[in-house]
Amino acid sequence: MNEKNMQEQIDAINRKLDLVLEEIQAQREIRKNLSDLSSDLSIVGKDIFSSTVTELDNAGVEIDGEAVKVLMLKVIRNIETLNELFDMLESTYDLIHDVSPVLHQIGLDGIKVMNDLEQKGYVDFIKESKKIIDNVVTHFTSEDVRLLAENIVTILETVKNLTQPEMLGAINNGVVVYKSLDVNDIPEYSLFKAMRAMNSPELRKGLGFMITFLKNIAKESEIKAKKDKQ
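For the record, in the sequence shown the residue sitting at position 128 is 143 according to our numbering, with numbers rising by one throughout.
1. M225 and R219 look like a contact to me (Cβ under 8 Å); what is the Cβ gap, rounded to whole Å?
2. Over the uninterrupted alpha helix (DSSP H) stretch that includes V186, give me the two end residues.
3. May I ask you to check if the CB of N199 is nearer than 7 Å to at least one heavy atom of the ligand HEM?
4. Along the chain, where does the alpha helix (DSSP H) that runs through I204 open and close?
5. What is the DSSP secondary structure of M213, reduced to helix, strand or coil?
6. Is it the case that the Cβ atoms of M182 and N188 are separated by a distance below 8 Å?
7. Starting from T153, follow the alpha helix (DSSP H) in both directions and report where the run begins and ends.
8. Alpha carbon to alpha carbon, how far is N231 from V192? Give it in angstroms, no decimals.
Dropping the structure here:
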């Protein structure tokens, strides 16, 4: 190995030593700063602790040192949980911040709908409907309600049949005919006049309808009685 190569190696070693010395010096500076910070914090902590103790003493509050120590240990052990809790609170705050305009708009829409319903009379209608319920409750006993429950299917079937187009037409025809009659000026029929009237096609058809109607009612009653016995 010649002198030139040896000098280059020495120079390289010197540069590395300089870097090591710089790193050691930097570490010393950091330790010194940390030590100074620790000292400052210790002084501040002592001042805060002393002030807190004085305030608590003036307020007549006694502190259990052991309880405080246990509390601090719990806080340190659950520091991760506390971080998660704060994250959750931040997320909740963001959610409330985002949802607030939507909830505000929903509230305004609800107020508008209620105002429209009141203007159209729905609110007054509901208030007056309460009287209907009161009248039903005061005029019917619990036994009536029980019987209604037992026969509700039959009642609904009857209503269903009555609301068929042909039944509504027949009922409407009967109402129209009744309205066209003058109940105060009904002609009297003698037996002879009634027998003569029976020769008219309209009356014969009407009698046929009544007889057929009564026969079918009797037949339906017999069928129902047989079913009840079974």
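Positions of the beta carbon are idealized from the N, C-alpha and C atoms, including for glycine.
Straight from the coordinates:
1. The Cβ separation is near 11 Å, so there is no contact.
2. Per the sequence shown, residue 186 should be read as Ile rather than Val. 180–195 is the extent of the alpha helix (DSSP H) around I186.
3. Among the components modelled here there is no ligand, and therefore nothing to report on the ligand HEM.
4. The sequence shown places Tyr at residue 204, rather than the Ile named in the question. It is not in any alpha helix (DSSP H) - Y204 carries neither H nor E in the DSSP assignment.
5. In this structure, M213 counts as coil in the three-state DSSP scheme.
6. The criterion of a C-beta distance shorter than 8 Å is not satisfied by M182 and N188.
7. 137–154
8. 24 Å
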